[in-house]
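> In our numbering, the protein residues as written are 13 to 291.
Can you keep this structure in mind? I'll have questions shortly.
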């Protein structure tokens, strides 16, 4: 069993600081040889969310932000047409913005209707952003206001062009043949875990109902370990070529956020210096 803890192993019931209410899964990304030979003090995992959790917690918020950006674009154009400073206006809050924009309308009924729609949309977005809505409410909003955008973004996810995330189908780690169900990996949510935890997981020591040690609080910081139904296991493995594909996407994401590359103009100037020096 212990040789099954390798690159691509999926650890159940992990906690993530980015997604505190979601039972995430840890995707082990450390090198196979290091894990097998215990050459390292720590192994590393990327946090993954079940697709439905990602849909309602990440995609939903991204769509709200996009809808808000689209709305603010309309308000900004109208504000500039009326010599209003957009940034100052927006910072006044919804009610003040509604009052000021309405004062600029005059008898233009079409614009007055547009403003009413803008304000109503803004209030809806703010309400959905600030309050914990159940998934039925979220689903209703998406269905009525963003159906095309949802489909577009889901295609981006499935085609590996959704920024900072990677999708892995369930068929990559189980006997289920589905290509559309699976996990969404946050390529920028990485955890470092003591190698001693590896052996505890493989020996099934993290079962809340049978655990006799005094480390429950410590374990609960890393995993969900507070109820009788809580346990930690690592029986599934993401197989090749999917795990290599995930690591490739991870490396690309890490380079993009972690390296301060030269600007285009700096590269051009450097190339010019090289060519001039050799003429």
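Every residue, glycine too, gets a C-beta built ideally from N, C-alpha and C.
Note that the structure is a prediction, hence the values are computed from the model and not measured.
(1) Nearest to residue 166 by alpha carbon, out of 218, 192 and 156?
(2) Measure the C-alpha to C-alpha separation of residue 204 and residue 175 and round it to an integer number of angstroms.
(3) For residue 52, count neighbouring C-beta atoms within 10 Å of its own C-beta (all shown protein chains included) and say buried if the count is 16 or more, exposed if not.
(4) Which residues in the same chain have their Cβ closer than 7 Å to the Cβ of residue 189, if we skip the five residues on either side of it in sequence?
(5) Quick check on the DSSP output: the alpha helix (DSSP H) that includes residue 72 runs from which residue to which?
(6) Are the beta-carbon atoms belonging to residue 150 and residue 72 less than 7 Å from one another?
(7) Between residue 162 and the rest of its own chain, which residues show a CB-CB distance below 8 Å, the 5 nearest in sequence each way excluded?
(8) Would you kindly work out how many angstroms separate the C-alpha atoms of residue 23 and residue 93, rounded to a whole number?
(9) Would you check if the stretch 35 to 45 and the stretch 110 to 129 touch, i.e. whether three or more CB-CB distances between them fall below 8 Å?
(10) Report back the beta-carbon spacing between residue 86 and residue 130 to the nearest angstrom; my notes put them in contact at under 8 Å.
(11) Could I get the ranges of all uninterrupted alpha helix (DSSP H) runs contained in the stretch 148 to 191, with 4 residues as the minimum, in chain order?
(12) Here's the rule I'm using: 16 or more other beta-carbon atoms within 10 Å means buried, otherwise exposed. How should residue 91 be labelled?
(13) Tell me whether residue 41 sits in a helix, a strand or coil according to DSSP, three-state version.
(14) Does the beta carbon of residue 200 come closer than 7 Å to any beta carbon on chain D?
(15) What residue ranges within the stretch 189 to 216 form continuous beta strand (DSSP E) runs of no fewer than 3 residues, ordered along the chain?
(16) For residue 264, list the residues DSSP reports as bridge partners.
(17) Quick check on DSSP: helix, strand or coil for residue 269?
(18) Which of the three DSSP states, helix, strand or coil, is assigned to residue 139?
(19) Got a sec? Which residues, its chain only, sit under 8 Å from residue 210 by beta carbon, not counting five neighbours each side?
(20) For residue 265 and residue 200, which I take to be in contact (beta-carbon distance under 8 Å), what is that distance rounded to the nearest angstrom?
(21) Straight-line CA distance for residue 164 to residue 139?
(22) Taking only three categories from DSSP, how would you classify residue 287?
(23) With the cut-off set at 7 Å, would you say residue 63 and residue 194 are in Cβ contact?
(24) For residue 240, which three-state DSSP category applies?
(25) Say whether the stretch 96 to 112 touches the stretch 237 to 248, bearing in mind that this needs 3 or more beta-carbon pairs closer than 8 Å, one atom from each stretch.
Short version:
(1) Taking the first residue of the chain shown as 1, we reach residue 166 at position 154. Among 218, 192 and 156, the Cα nearest to that of residue 166 belongs to 192.
(2) For the purposes of this step, residue 204 is taken as the residue at position 192 of the chain shown. For the purposes of this step, residue 175 is taken as the residue at position 163 of the chain shown. Spanning the two alpha carbons is a distance of roughly 23 Å.
(3) As a working mapping, residue 52 is identified with position 40 in the chain shown. Counting Cβ neighbours within 10 Å, residue 52 comes out exposed, since fewer than 16 surround it.
(4) Counting from 1 along the chain shown, the entry for residue 189 is found at position 177. 183.
(5) One-based indexing of the chain shown puts residue 72 at position 60. Residues 72 to 93.
(6) Numbered from 1 along the chain shown, position 138 holds the residue referred to as residue 150. Numbered from 1 along the chain shown, position 60 holds the residue referred to as residue 72. Contact: yes.
(7) Taking the first residue of the chain shown as position 1, residue 162 is located at position 150. Hits under 8 Å: 71, 75 and 154.
(8) By one-based count along the chain shown, residue 23 stands at place 11. By one-based count along the chain shown, residue 93 stands at place 81. Distance between the alpha carbons of residue 23 and residue 93 is about 55 Å.
(9) no
(10) Residue mapping note: residue 86 aligns to position 74 of the chain shown, counting from 1. Residue mapping note: residue 130 aligns to position 118 of the chain shown, counting from 1. The pair is a contact, with the Cβ atoms about 6 Å apart (cut-off 8 Å).
(11) 159 to 170
(12) As a first step, residue 91 must be located in the chain shown, where it is residue number 79. Burial call: buried.
(13) Position 29 of the chain shown, counted from the start, is the residue given in the question as residue 41. In the structure shown, residue 41 sits in coil (DSSP, three-state: anything other than H, G, I, E or B).
(14) The chain labelled as chain D is not found in the depicted structure, where only one protein chain is given.
(15) 194 to 206
(16) As a first step, residue 264 must be located in the chain shown, where it is residue number 252. Answer is none; residue 264 lacks a bridge partner.
(17) Here residue 269 refers to the residue found at position 257 when the chain shown is read from its first residue. With a pLDDT of 49 at residue 269, under the threshold of 50, the modelled position of this residue cannot be trusted, and the question is left open.
(18) In the chain shown, counting from the first residue as 1, residue 139 sits at position 127. Helix at residue 139.
(19) Position 198 of the chain shown, counted from the start, is the residue given in the question as residue 210. Hits under 8 Å: 17, 47 and 55.
(20) Position 253 of the chain shown holds residue 265. Position 188 of the chain shown holds residue 200. Going by Cβ atoms, the distance from residue 265 to residue 200 rounds to 6 Å, so yes, they are a contact pair.
(21) Position 152 of the chain shown, counted from the first residue, corresponds to residue 164. Position 127 of the chain shown, counted from the first residue, corresponds to residue 139. Each residue's Cα considered, the two are about 24 Å apart.
(22) The residue given as residue 287 occupies position 275 in the chain shown. In the structure shown, residue 287 sits in a helix (DSSP, three-state: H, G or I).
(23) By 1-based counting over the chain shown, the position of residue 63 is 51. By 1-based counting over the chain shown, the position of residue 194 is 182. Yes, these two residues count as a Cβ contact at 7 Å.
(24) By one-based count along the chain shown, residue 240 stands at place 228. Coil at residue 240, not helix or strand.
(25) no
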